[in-house]
DNA sequence: TAAATAAGTGCAATGACTACACTTTCGGAG
DNA sequence: CTCCGAAAGTGTAGTCATTGCACTTATTTA
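Protein chains in written order, with this note's numbering: chain S, 1 to 193; chain X, 194 to 386.
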């Protein structure tokens, strides 16, 4: 990777860092894109070359999510049902944050997202964007037609369950209860998957 | 109801009508609030006194939805489970559109909403806004604590299923399959509800 | 009828985002 | 090594939704 790409990644990172710091300090709505650009010492135009919108500044990840989601279904250990695999995958993401929870930065981060409507919505949309891919993976895993309704429904429900789990003080228990609803019906229509 | 309120309702209606007509004609993004205000012969300021935002111009209803949703659960006929009641309620809303489907206006309307990201998102948020109320109604109906997770999950899943059903060419079948997933698990944890 | 209330208006501003025309800086093909 | 084109970055000027403010006008209501 040449100097060029390194510099690019560097600018992007500087923007993301500056944004998070400012948002945490003053609150999302009290910070303008101009402020972020200035703090990262680039122009506003450049900021928008790197991030599609103000909200995207906070979610630097996004790209890997879909792959991980699909992999969780495709490469689930034998004997584990698809709903179970999804439940564990979503819990893991939650847990990763929990690991870092000692760092108050992460607690603040999730609080920021949950308390800022624009960010909450964006996060939801971000996950929903991968629904189609997940539905396809599920259908493939059980040998159903690509547009099978119950596969699409499972995908949608699992993603909808995510933020429910995230908000709950006891994620493990919340996940168990929410997915219990799904596992039964899934087992009934797709035995041994 | 005095003349004042009548005029107010009239202006509101003129705005909603003008907006829908223009949006259908040119597409949502190709119409500015200014255009809508002009077409309804009021100022932009007035437009925003009546509607919270551009998207709200299209969804004139909203208020009755929550009440109807809660009622569907609370006043379900005896012997019908809560998931069943919700499925029928959502289908009914779908059917209502279908009834008017002869009028090409309604087909165009739903297409407009589904094809415009801003409107699709807004519609989703609109329904999600009533999730808490629905969850409470469900919890009350089964005598569970108000913050019971599986009740909250059922509420969320049912609302998430809505747009899935809406998009499907065969709503009835889609609803059956999607809710089949929920009914089993629900029956297991809440017998006879 | 007078005072309070609410609808409606025009204007100016903010803030996110885009289009454009430009400069600088790498990276690779010859 | 050099030259050329792609890609990063810049500044300016604009669009568009949305808000705040001070104002007029119509309708209630006391």
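For glycine and all other residues, C-beta sits at the position ideal for the given N, C-alpha and C.
- Message: Is it buried or exposed, residue 237 of chain X, if we count other Cβ atoms within 10 angstroms and call 16 or more buried?
- Response: Taking the second chain and counting its residues from 1, one reaches residue 237 of chain X at position 44. By the 10 Å Cβ count, residue 237 of chain X comes out exposed.
- Since residue 184 of chain S meets chain X, which of its residues come closer than 7 Å, beta carbon to beta carbon? Residue numbering aside, residue 184 of chain S sits at position 184 when the first chain is read from its first letter. The answer, in chain order, is 377, 378 and 381.
- Message: Whether or not the segment 275-289 of chain X and the segment 364-382 of chain X are in contact is what I'm after, with contact meaning three or more pairs of Cβ atoms, one per stretch, closer than 8 Å; do they touch?
- Response: yes
- Query: Taking Cβ positions only, does residue 370 of chain X come closer than 9 Å to chain S?
  - Reply: Numbered from 1 along the second chain, position 177 holds the residue referred to as residue 370 of chain X. Yes, residue 370 of chain X lies at the interface with chain S (some Cβ there is under 9 Å from its Cβ).
- Neighbour flag for residue 343 of chain X against chain S, beta carbons, 9 Å: Here residue 343 of chain X is taken as the residue at index 150 of the second chain, counted from 1. For residue 343 of chain X, the answer is yes, since a Cβ of chain S falls inside 9 Å of its Cβ.
- Task: Pull up the CB-CB distance for residue 57 of chain S and residue 16 of chain S, whole angstroms please, since I reckon it's below 8 Å.
- Result: As a working note, residue 57 of chain S is residue 57 in the first chain. As a working note, residue 16 of chain S is residue 16 in the first chain. So it is a contact: roughly 6 Å between Cβ atoms.
- Query: Any beta-carbon of chain S closer than 9 Å to the one on residue 323 of chain X?
  - Reply: Along the second chain, one-based indexing puts residue 323 of chain X at 130. No, its Cβ sits nowhere closer than 9 Å to a Cβ of chain S.
- Message: Taking its Cβ as the centre, do 16 or more other Cβ atoms sit within 10 Å of residue 75 of chain S, making it buried, or is it exposed?
- Response: Position 75 of the first chain holds residue 75 of chain S. Its Cβ having fewer than 16 others within 10 Å, residue 75 of chain S is exposed.
- Task: Count the other CB atoms, across all protein chains shown, that sit within 10 Å of the CB of residue 296 of chain X; report buried if there are 16 or more and exposed otherwise.
- Result: Working through the second chain from its first residue, we reach residue 296 of chain X at position 103. When all chains shown are included, residue 296 of chain X counts as exposed.
- Message: Can you check which of these residues, X/207, X/200, X/213 and X/347, is closest to residue 305 of chain X by C-alpha distance?
- Response: Numbered from 1 along the second chain, position 112 holds the residue referred to as residue 305 of chain X. Checked all of X/207, X/200, X/213 and X/347; the closest Cα to residue 305 of chain X is X/213.
- Query: Quick one: any contact between the segment 148-163 of chain S and the segment 348-364 of chain X, if contact means 3 or more CB pairs under 8 Å?
  - Reply: yes
- Message: Rounded to the nearest angstrom, what separates residue 358 of chain X and residue 364 of chain X at their Cα positions?
- Response: As a position in the second chain, residue 358 of chain X is number 165, starting the count at 1. As a position in the second chain, residue 364 of chain X is number 171, starting the count at 1. The straight-line gap from Cα to Cα measures roughly 5 Å.
- Query: What whole-angstrom Cβ distance do residue 260 of chain X and residue 279 of chain X have, given they're in contact under 8 Å?
  - Reply: Your numbering for residue 260 of chain X matches position 67 in the second chain. Your numbering for residue 279 of chain X matches position 86 in the second chain. Rounded, the Cβ-Cβ distance is 15 Å, inconsistent with contact.
- Message: Taking the alpha carbon of residue 204 of chain X as the reference point, which residue from X/226, X/233, X/315 and X/215 has its own alpha carbon closest?
- Response: Stepping through the second chain from its first residue, residue 204 of chain X is reached at position 11. Checking every option, the nearest Cα to that of residue 204 of chain X belongs to X/233.
- Query: In chain X, which residues lie less than 9 Å from residue 62 of chain S when you measure between Cβ atoms?
  - Reply: Translated into the one-based positions of the first chain, residue 62 of chain S becomes position 62. Those do not exist, as residue 62 of chain S stays about 17 Å from chain X at its closest Cβ, beyond 9 Å.
- Go to residue 250 of chain X, then tell me how far its alpha helix (DSSP H) extends in each direction, as first and last residue. Walking along the second chain from the start, residue 250 of chain X turns up at place 57. Looking at the DSSP string, residue 250 of chain X is not in any alpha helix (DSSP H), and its letter there is neither H nor E.
- Task: Return yes when the Cβ of residue 119 of chain S is within less than 9 Å of the Cβ of residue 25 of chain S, no when it is not.
- Result: Taking the first chain and counting its residues from 1, the one referred to as residue 25 of chain S is at position 25. Taking the first chain and counting its residues from 1, the one referred to as residue 119 of chain S is at position 119. Result no, Cβ atoms of residue 25 of chain S and residue 119 of chain S do not sit closer than 9 Å.
- Message: Please report whether the beta-carbon of residue 174 of chain S lies at a distance below 9 Å from any beta-carbon of chain X.
- Response: Taking the first residue of the first chain as 1, we reach residue 174 of chain S at position 174. Yes, residue 174 of chain S lies at the interface with chain X (some Cβ there is under 9 Å from its Cβ).
- Query: Can you tell me where the alpha helix (DSSP H) with residue 106 of chain S in it begins and where it stops?
  - Reply: Here residue 106 of chain S refers to the residue found at position 106 when the first chain is read from its first residue. It spans 104-115 - the alpha helix (DSSP H) in which residue 106 of chain S sits, taken as one unbroken run.
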